[in-house]
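First residue of the sequence shown? That's 1 in full-length UniProt numbering, and the numbers climb one at a time after it. We put the beta carbon where it would ideally sit given N, CA and C, even for glycine. Heads up, the thing below is written out as structure tokens.
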Amino acid sequence: MTRVFITMILALAMLASCGHKKETTSIDQPKKPTAPVKKPKPVKPKTGLEEIISPADFKLLLPDSLESINGEWRRVRDPFYTYEAMLEAAKSFPDFCNTGTLETRKRELSAFLANTSHETTGGWVSAPKGPFYWGYYYVREIDSRYYQERERRIPYYVDTLGMLAKMYPPAPGKHYFGRGPIQISHNYNYGLCSEQLGLGTQLLESPELVAQDSVLAFKTAIWFWMTRQQAKPSCHEVMTGQWEPSAHDKSRGRLPGFGMTINIINGRGECGRWTHDAKNRIGFYKRYMEYFGVSGDGSIGCESMEPY
């Protein structure tokens, strides 16, 4: 009897255990696959130039709009010149518009844009929206076709005298008239620039490349701006207050300020007297300074400066 009773109890216990559902914990449950965590895209640091001029600024200062001239539509800025090309070129010159206070940097950019706008201008006194609206109109010098035709007999912008000219002799059949924002010209400038940009003799042998590659064109302009020209200081040194005129310079009226950049770039043609070209550069400079909210610093003109 006792055995039967025990057997019945065991049977009931087994039935109870079979009917009881085991509780599961989160550990027992299968894990759902988790979506990969998206890493935030790294924020690209702005260069010194990006901090003071935006794409919108570039377009306002150097518009790419169409204007009607005597029934003919003309684009104000040549599409060859772009904001992106200028920024890319500036990466090779980290001190460009990135030296000194914010005001100094904006003033330097105003001076650079003013000189390059004058060099490439397509404007005139009565031009639509004024003469200082038409910067960066030309990629090649306005008379470049004339030079190419004439250079078969008369070698314009080809120099064979002087130390630099001998170091960078012209390539046969090549023309070294102005190209790009600063309108770099002469075989010795093409040769020296090419060498210092790490291009060997490429620009001396193929100067036309400057008018075919917009980044390269801006590099030649910034190179000229940042580089001392024999006895002259660099435009960058002048506009950032790093140049201190000697007693010799002071006696010849060469003082810091925008006017000195005119003397560096084309003093023989524009300084020592009042000239239309110098006035045009100053007009662009004032427009850009007003836009960036800065004022002039030092001598703005060069009519009292003796050229180099």
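- At a Cβ-Cβ threshold of 8 angstroms, Met289 and Arg254 do not count as neighbours.
- In terms of CA proximity to Lys250, Pro307 leads the group Pro307, Ser194, Gly283 and Leu109.
- Between Trp223 and Cys271, the gap from beta carbon to beta carbon reaches 8 angstroms or more.
- A contact between stretches requires three or more CB pairs, one per stretch, nearer than 8 angstroms, and the region 166-175 meets this requirement with the region 194-213.
- Distances from the alpha-carbon of Gly122 to those of Glu141, Ile264 and Gly296 put Glu141 closest.
- Per DSSP, the beta-bridge partners of Arg74 are Glu67.
- Sequence-distant Cβ neighbours of Val294 in its own chain, meaning closer than 8 angstroms and more than five residues away, are Glu103, Lys106, Arg107 and Ser110.
- For Arg74, the CB contacts under 6 angstroms within the same chain, skipping 5 residues up- and downstream, are Glu67 in chain order.
- Bounds of the alpha helix (DSSP H) holding Thr220 are Ser214 to Met226.
- Take Thr99, set aside five residues on each side of it, and the residues of its chain with a beta-carbon closer than 6 angstroms to its own are Thr240, in chain order.
- Here Ile262 really is in contact with Arg281; their C-beta atoms are around 6 angstroms apart, less than 8 angstroms.
- Counting along the chain, Thr116 sits inside the alpha helix (DSSP H) bounded by residues Leu102 to Glu119.
- For Gln230, no alpha helix (DSSP H) run applies, since DSSP gives it neither H nor E.
- With a cutoff of 8 angstroms on beta-carbon distance, Tyr157 and Ser126 are scored as not near each other.
- Counting C-beta atoms within 10 angstroms of its own C-beta, Gln230 has fewer than 16 neighbours from the protein chains shown and is therefore classed as exposed.
- Asn266: member of the alpha helix (DSSP H) spanning Phe258 to Glu270, first to last residue.
- The shortest CA-to-CA distance from Tyr83 to any of Leu60, Pro233, Ile69 and Ser234 is the one to Leu60.
- Across the set Met167, Pro128, Glu195 and Tyr188, the C-alpha of Pro128 shows the shortest separation from the C-alpha of Ser65.
- The beta-carbon distance between Thr120 and Tyr137, rounded to whole angstroms, is 6 angstroms. This is short enough to meet the 8 angstroms contact definition.
- Counting along the chain, Lys91 sits inside no alpha helix (DSSP H), nor does DSSP assign it H or E at all.
- Scanning Thr116, Phe132 and Trp124 for the CA closest to the CA of Pro181 turns up Thr116.
- Under DSSP, Ile184 takes part in a beta bridge, and its partners are Arg179.
- Ranked by Cα distance from Cys97, the first of Ile52, Ala114, Ala278 and Leu199 is Ile52.
- Classified as buried, Lys232 has 16 or more neighbouring CB atoms from the shown chains inside 10 Å of its CB.
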